[in-house]
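Q: To convert a position in the sequence shown, counted from 1, into the working numbering, add 118.
Built from N, CA and C at the ideal position, the CB exists for glycine as well.
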Amino acid sequence: MIKITLAITIFLILVIPAYANNHIVNIPFGAHDPNLNTPAEHWYDPPVKRINVGDTVKWINNDREAHTVTSGEGTGRFGWMGGEKFGQPTDEFDSGLFKQGDSFSYTFEEKGLFRYFCTVHPWMEGVVFVGEQLPSYPHDAEGNRYEEFPIIKFTHDGLIELDLSWEPKVIKTNEKVQFIYQTYDPSSNTNLNKMKYDLILIQNGKEVFRDKGVTTVGGDFKNYVFEEPGPIKIRFENIVSSGTSGITSPARQPPSDPSARTVEFSAMVYENPDEAASTALQDVRVQPAQRLELQYEILVLIIVVPGALAIIAILKMMYGKDKRQKSSSAV
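#1: Measure the C-alpha to C-alpha separation of Pro-461 and Arg-370 and round it to an integer number of angstroms.
#2: Under the rule that 16 or more other beta-carbon atoms within 10 Å means buried, what is Glu-389, buried or exposed?
#3: Roughly how many angstroms separate the alpha carbons of Phe-235 and Pro-146, rounded to a whole number?
#4: Could you tell me the alpha carbon to alpha carbon distance between Gly-336 and Ile-289, rounded to whole angstroms?
#5: Suppose contacts are defined by Cβ-Cβ distances below 8 Å. Is Glu-355 in contact with Ile-298 by that definition?
#6: Short of 7 Å in beta carbon distance, which residues of its chain neighbour Glu-411, apart from the five on each side in sequence? Order them along the chain.
#7: Determine the extent of the alpha helix (DSSP H) in which Leu-392 is found, giving its start and end residues.
#8: Pairs of beta-carbons, one from the segment 153-169 and one from the segment 235-247, closer than 8 Å: are there three or more?
#9: Could you say which of Thr-380, Val-295, Val-175 and Ser-223 lies nearest to Lys-340 if we only look at CA atoms?
#10: Beta-carbon within less than 7 Å of Asn-262's beta-carbon, same chain only, minus the 5 sequence neighbours each way: which residues are those?
#11: Going by the CB atoms, is the gap between Ser-283 and Pro-268 shorter than 8 Å?
#12: Taking its Cβ as the centre, do 16 or more other Cβ atoms sit within 10 Å of Gln-61, making it buried, or is it exposed?
#13: With Asp-173 and Ser-189 assumed to form a contact (beta carbons below 8 Å), what rounded beta-carbon distance in angstroms separates them?
#14: Rounded to whole angstroms, what's the CA-CA distance from Asp-209 to Pro-256? Just pull it up for me.
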């Protein structure tokens with residue numbers, strides 16, 4: 119699995135064109151305040167940012183206090199109160215102090231999960247998740263772009279043309295891909311229906327899928343979901359006529375060698391970036407700077423409940439006193 123991941127990483131470096139995006143993270147007014155009634159909704163806004171390798175994040179300080187953007191673990195809202203713990207910085211990046219109106223930018227060259235905090239106000243925490251930049255076009259297992267899609271190839275005997283495409287064009291793990299194909303007679307450019315075939319999918323050197331089918335005038339299709347990333351081969355074997363048809367062709371004749379009726383394509387399956395982000399971020403907790411919405415309700419309860427209890431106690435005392443007086447007068 120390590121070899122496969124390394125191969126895909128090198129492949130991405132070679133295949134993906136050099137372009138990147140810029141992203142903004144705001145440090146809002148009030149972010150320096152750890153209290154529950156701070157006007158800032160987040161210490162860093164947004165507190166969790168998803169980007170791709172090669173992208174740049176720019177932090178802009180709109181608070182009245184100076185801040186840092188330092189890779190590492192902060193203390194949370196109350197962890198700093200003991201006075202001994204002010205966060206654990208790492209060496210990925212560190213802005214140093216920058217004042218109101220200033221900014222700090224950093225370009226992420228590696229994928230992964232990066233936590234950061236402010237060393238002056240260590241309760242301020244944020245996260246950047248860096249995923250792989252995937253291509254936007256179909257290509258073979260070596261990264262060569264398919265200039266024509268569907269892809270056109272021929273059987274070894276040259277009697278059958280097979281056109282193949284897939285949707286979506288970039289194949290990702292745990293996402294259904296539909297392979298769509300048609301058979302033609304290249305000599306007459308006519309569609310060949312009623313052609314039997316075997317479809318085999320081979321990934322990372324292992325066969326992961328095999329099925330049989332018969333083409334119609336509109337072709338045929340198969341669906342599959344890949345569980346692992348890595349290069350794949352899409353192989354069609356034993357393409358022969360399944361019976362009589364109104365469409366005549368030399369391809370209707372049985373081949374002298376079954377291997378002559380083989381066509382093979384290749385592609386790449388990528389790790390699904392949404393899954394990678396979900397897995398990496400599932401345990402991430404960034405405490406909000408926004409005051410608790412229940413704070414006012416709690417305040418009401420603090421005032422109202424004791425008052426209500428006091429009224430009940432007074433009424434009980436008065437009722438008990440009246441009852442005792444009535445009992446005395448009856449005697």
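A: Reading it off the structure:
#1: Outside the shown range of the chain (119 to 449) lies residue 461, about which nothing can therefore be said.
#2: buried
#3: 14 Å
#4: 23 Å
#5: no
#6: Only weak support exists for where Glu-411 lies, its pLDDT of 47 falling under 50; the value from the coordinates is given anyway. For Glu-411, where only same-chain residues beyond five positions count, there are no Cβ hits under 7 Å.
#7: The sequence shown places Asp at residue 392, not Leu. Unbroken alpha helix (DSSP H) run through Asp-392: 391-399.
#8: yes
#9: Val-295
#10: none
#11: yes
#12: Nothing about residue 61 can be read from this structure; the chain reaches only from 119 to 449.
#13: Not confirmed; about 16 Å, so no contact.
#14: 38 Å
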